[in-house]
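So the structure is just underneath, and the comments pick up after that.
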Amino acid sequence: MNYYQRDMECAPAESMRALQSERLVKTVRHVYDHVAYYRNKMAEAGLEPGDIKSIDDLHKLPFLTKDDLKSAYPYGLLAKPLSDCVRIQSTSGTTGKRVVAFYTQHDIDIWDECCARAIVAAGGSNEDVVHVSYGYGLFTGGPGLNGGSHKVGSLTLPMSSGNTERQLQFMTDLEATILCCTPSYAAFLAESLISQGLRDRIKLKAGIFGAEAWSEEMRRDIENKLGIKAYDIYGLTEITGPGVSFECPEQTGMHINEDHFVAEVIDPETGNTLPDGSKGELVFTCISKEAFPLLRYRTRDICVLNRDVCSCGRTLVKMARLMGRTDDMLIIRGVNVFPSQIETVLLKSGYSPNYQIIVDREKYTDTFEVKVEMTQEMFDDTVKRIEAREAELLSALRAMLGISPKVTLAAPQSIARSEGKAVRVIDKRKI
Ligand code: DLL
402 MNYYQRDMEC
412 APAESMRALQ
422 SERLVKTVRH
432 VYDHVAYYRN
442 KMAEAGLEPG
452 DIKSIDDLHK
462 LPFLTKDDLK
472 SAYPYGLLAK
482 PLSDCVRIQS
492 TSGTTGKRVV
502 AFYTQHDIDI
512 WDECCARAIV
522 AAGGSNEDVV
532 HVSYGYGLFT
542 GGPGLNGGSH
552 KVGSLTLPMS
562 SGNTERQLQF
572 MTDLEATILC
582 CTPSYAAFLA
592 ESLISQGLRD
602 RIKLKAGIFG
612 AEAWSEEMRR
622 DIENKLGIKA
632 YDIYGLTEIT
642 GPGVSFECPE
652 QTGMHINEDH
662 FVAEVIDPET
672 GNTLPDGSKG
682 ELVFTCISKE
692 AFPLLRYRTR
702 DICVLNRDVC
712 SCGRTLVKMA
722 RLMGRTDDML
732 IIRGVNVFPS
742 QIETVLLKSG
752 YSPNYQIIVD
762 REKYTDTFEV
772 KVEMTQEMFD
782 DTVKRIEARE
792 AELLSALRAM
802 LGISPKVTLA
812 APQSIARSEG
822 KAVRVIDKRK
832 I
């Protein structure tokens, strides 16, 4: 069994807790001293840094939510001077304002190490060619796996997403051995390889797929089509990006990099911490980061933690596949989409609030349609004008969401009214 940082990945439970306590105390002091937002939140909870003496005191700290991130946007939670920061990454937010996460070089280094652990767990080494088809840019997928691959010393192909022909050309010509992308893109690449008769020309042995929900069935299908072993990887921009947790060859859950991120599961209603094995909302506390170390951040991801010893030798706690979200966020082709963002665009563009968001999956690729009723006035326009409206709406939605839906302008009164809560999202995907 190979590890990237065996001392941390296989640390005895006691020494991991001691390390977590030490790092938590230090991080609480750090944010208290440098971030007014934390000072105020702690004051409201009647807390001073000295009250947090070990990991056992973690539950005393107030939660942070996406609303906190919104109100502190952009610099309100920054715990280092900007002159010490070297990078931002970002994710989409509910109001179009994005969450901006800051990194010092130290933060980038630990993030890269977390991704390196995932690559090594998937069998990677400096002999490998790692083909990264996650998006590069503000999205954390590309930069995270790219950095991990560099740490491992693998030859890294920074492909980013899109341009299938080029993907297939590099994958075959440069004999990529590990593919990193969303599971739906992996399935799409597999289909394309097969349809172009290139399946026998690839040298892939493993895939590291995450950023969206996928099923065991989908895993087997991708594995069979590409002749690889497919590994899950989890993370979120607010905490660091991919590599918060990763799968080992046992594939009985994703090991959380607990020396950097302390996980709790809470009851989303009461906020009480639940014992391991209970289903609830995942909460993370960053204990080693400098610039943007969120404390008790509520992810809205529903999950179960499992501390059973893993036969891979790692002692890091495992999280099960996600079981949903506590909010209405959709992940479409790997992009986080909130129905409220779509509604904002529709209303701003003069449409009625009668709309539907229809998501499905065809051949493992998400389809995404926004259907909205026109007003009577719009409906009476010429066909040419209606087509122009459709194009305008598409570009406004693309600007807000970062991906393009199929836009359908429907006749007035044509979308079924519901008697209770309006059914705006129709997600037909079976994941
Ligand atoms: O999706 C980071 C990432 C990139 C993870 C590449 C893995 C690989 P965000 O865009 O901030 O960050 O979205 C985070 O995506 O809260 C989950 O709801 C969902 N998510 C991430 N990984 C998985 C996964 C990246 N393996 C949100 N399975 C998270 C299911 C996932 N959902």
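With positions in the sequence shown counted from 1, the corresponding number in our numbering is that position plus 401.
Ideal Cβ positions, reconstructed from N, Cα and C, are used throughout, including at glycine.
Between residue i and residue j, how many whole angstroms is the CB-CB distance? I'm expecting something under 8 Å.
i	j	result
I804	F769	7 Å
I688	R424	4 Å
A587	F610	5 Å
L546	F693	Rounded, the Cβ-Cβ distance is 20 Å, inconsistent with contact.
V645	Q421	Actually they are not in contact, since the Cβ atoms of V645 and Q421 sit about 15 Å apart, beyond 8 Å.
L794	S750	6 Å
Can the beta-carbon of residue i be found less than 7 Å from the beta-carbon of residue j?
i	j	result
R600	T573	no
V808	V760	no
T700	T492	no
I634	F647	yes
E788	P813	no
L717	E651	no
L539	Q506	no
I758	I743	yes
W512	T641	yes
S555	Y537	no
G714	C411	yes
H460	T727	no
L747	Y756	yes
G525	Y535	no
A522	C649	yes
L723	D702	yes
Give me the Cα-Cα distance between residue i and residue j, rounded to the nearest whole angstrom.
i	j	result
E445	P754	39 Å
A721	A612	15 Å
K552	P463	35 Å
W615	P584	7 Å
T495	E528	Its pLDDT being 46, under 50, T495 is placed unreliably by the model, and the measurement read from it follows with that caveat. Looking at the two C-alpha atoms, the distance is approximately 42 Å.
L558	V530	7 Å
P643	E682	19 Å
T578	H661	29 Å
R567	R830	29 Å
T466	K604	43 Å
V705	S484	39 Å
Y438	C711	39 Å
G447	S679	29 Å
K471	M402	43 Å
T565	M619	20 Å
M801	D508	29 Å
D677	D458	17 Å
G725	D668	14 Å
V487	A502	11 Å
A797	C582	27 Å
D408	A607	25 Å
Can you tell me whether residue i is buried or exposed? The criterion is at least 16 other CB atoms within 10 Å of its CB, across all chains shown.
i	result
D468	exposed
E670	exposed
Y504	buried
E691	buried
Y476	exposed
I827	exposed
R818	exposed
R734	buried
E763	exposed
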